[in-house]
Structure formats: C-alpha cells, structure tokens
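Oh and the sequence shown: position 157 is 283 in the working numbering, straight run, nothing missing.
The beta carbon of each residue, even a glycine, is placed where N, CA and C say it ideally should be.
Bear in mind the structure is a predicted one, so any value in this text is a computation, not a measurement.
Worksheet: the structure to be examined is printed underneath.
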Amino acid sequence: MSGLLRLAVALGLLMALVPAAPAQETSVRPHINRHYEDADYERWRQTFERPGREVYDRRHDIVAAAQVQTGMDVADVGAGTGLFTELFAAAAGPTGRVYAVDITETFVRNIERRAKRQGLGNVEGIVNDARSTGLAADSVDLVFLSDTYHHFEYPQAMLASIHEALRAHGRLVVIDFRRKEGESSQWVMEHVRAGREQVVEEIEAAGFRLLEDAPLLKINYFLRFEPIVRP
Numbered sequence: 127m128s129g130l131l132r133l134a135v136a137l138g139l140l141m142a143l144v145p146a147a148p149a150q151e152t153s154v155r156p157h158i159n160r161h162y163e164d165a166d167y168e169r170w171r172q173t174f175e176r177p178g179r180e181v182y183d184r185r186h187d188i189v190a191a192a193q194v195q196t197g198m199d200v201a202d203v204g205a206g207t208g209l210f211t212e213l214f215a216a217a218a219g220p221t222g223r224v225y226a227v228d229i230t231e232t233f234v235r236n237i238e239r240r241a242k243r244q245g246l247g248n249v250e251g252i253v254n255d256a257r258s259t260g261l262a263a264d265s266v267d268l269v270f271l272s273d274t275y276h277h278f279e280y281p282q283a284m285l286a287s288i289h290e291a292l293r294a295h296g297r298l299v300v301i302d303f304r305r306k307e308g309e310s311s312q313w314v315m316e317h318v319r320a321g322r323e324q325v326v327e328e329i330e331a332a333g334f335r336l337l338e339d340a341p342l343l344k345i346n347y348f349l350r351f352e353p354i355v356r357p
C-alpha cells in the first residue's frame, strides 16, 4: 500500500470517529413572535403594565425575590416595554448594569429613552435574535425571564446563550404561566407551549440546576436556577 493510500485510509478512519455535527434546532413555535413585529410600544405598554396582570401587580415582590443587589449586572431578556428593566436598574444602582434584551427594536429603543428620562444611566439595550441573547460571555450575574420562555422559538439555542452569558455564580430566574388542563385559561392552554415540569426538564438538560420553586405567584410560577459546569 502506497504512502498516499495509507494516509487516505487513516484519514477516513479518523473522520468516522468524529461525531456528526448536530442538526440545527428547528423552531418549536414558528411565528410565535409575529405580533411584536413593527410593534406599537404604547399599545403594548398598556397591555403589559396594567393592574390585574399578575406580574405587574406583584412586580415589587418579584424584584425582591430576584435578589438584585447593588452593583449587579442583570439581563432582562424579553424585556418587553421595560417594566422590570427600570426596577432592576434602580435596585442595581449606578455601579450595576441592566441589559434590556428584546427581539423588537421598537421596545428596546423606547426602553432606552424611558430610562434616560428617568435618569437611569445604567440601562443598555440589546436587540437580539431568536437564537441568541446577544450578551457577551460571562457578562451578567442574573438573567431574568418574565413570561418570556414560552416565546422562545429555539429554546435549546437560547438556553445555551444564557448559560454562556452567566457568570459562574450567576442565577437564572424564570417566571411563566402555569399550564394545567382544567385549571388554566383557554388562552394559556393554546398560547403556552409547555407546563412547568417540561420547562424545568428543558432548562436542566441545558446545564442548569433548579434551586428554588418559590410559592410567590398563582397564575405564574417563579423558578430559580444556577448554571452547572458541563462535562
């Protein structure tokens, strides 16, 4: 066998041992975010920031439970109209930073303008895409998702991006709708892809450990995770 032939055979055997690259994740909920394309900020603000919506009514309790401290760097992923961004910015103080992350540029730019009017100089907007938070690696102490997880078209990719963005001591807080047959509204049953148990399974499979399931809310659940080192 010639030297070139032996080299070709060896390379062929080596390539056979290398695992194939995983197929790109397909969307679990195509077009789930179509309503936010070219969004009317003030209209959605009236929807998101209104009495009667549980996360609005309990917003101060939620911020306290998120345990934001002075100097922390926080990512409000799926920031929407900026309800929690502003509260986190006040809690983190001028030595901290809050990233308002959303796929809708109209939301992000209005959050930045609103923060500037209120003298909150520690807010930075990030327009992300459906597969990534747009955050730098090891850049934040807390990633916060409020009624956002069910809007992830590509949850595996987004969770990988969140894991990468969190520092070793960081935390992931997830608030989303309880989805139970016979108990949840028809809107939740039709709109929300997965219930709490499935969400926990997906997040843990992405390299997180569940630390707390806080009995804080009724319509929504409140979960706290920590990132674990992947093998």
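| Check | Outcome |
| --- | --- |
| Sub-7 Å separation of N254 and I229 beta-carbons | yes |
| The segment 177–185 contacting the segment 156–166, beta-carbon criterion three pairs below 8 Å | no |
| Cβ neighbour criterion (16 or more within 10 Å) applied to P281 | buried |
| Buried versus exposed, by CB contacts within 10 Å (16 or more), E224 | According to the sequence as given, residue 224 is Val; it is not Glu. Its Cβ being crowded by 16 or more others within 10 Å, V224 is buried. |
| Among E352, V355, F348, nearest to D187 - alpha-carbon criterion | F348 |
| Counterpart residues of F361 in DSSP-defined beta bridges | Not covered by the structure: residue 361. The range shown for the chain is 127 to 357. |
| Length of the line joining the Cα atoms of R286 and A332 | Note that residue 286 corresponds to Ala in the displayed sequence, not to Arg. Taking the straight line from one Cα to the other gives about 7 Å. |
| Rounded straight-line distance, which links the Cα of G204 to that of R155 | 16 Å |
| Candidates R319, T173, T211: closest to H97 by CA position | A query on residue 97 cannot be resolved here, the shown segment of the chain reaching from 127 to 357 and no further. |
| Secondary structure of N236, DSSP reduced to three states | helix |
| Local conformation of V266 per DSSP, three classes | strand |
| Rounded separation between L343 and R305 - CA only | 13 Å |
| Within 7 Å, strictly: CB atoms of V227 and A201 | yes |
| Beta-carbon gap between V300 and Y275 smaller than 7 Å | yes |
| L140 in three-state terms, based on DSSP | Note on L140: pLDDT 37, under 50, position unreliable in the model; the coordinate value appears next. Helix, per DSSP. |
| Per-residue DSSP class, three states only, for D183 | helix |
| P281 - DSSP class collapsed to helix/strand/coil | helix |
| Alpha-carbon spacing of A294 relative to N248, whole angstroms | 22 Å |
| For Q172, the nearest candidate out of G208, T196, A216 (CA to CA) | G208 |
| Range covered by the alpha helix (DSSP H) that runs through E327 | 322–331 |
| E151 to A283 span [Cα, whole Å] | 7 Å |
| For V318, three-class secondary structure by DSSP | coil |
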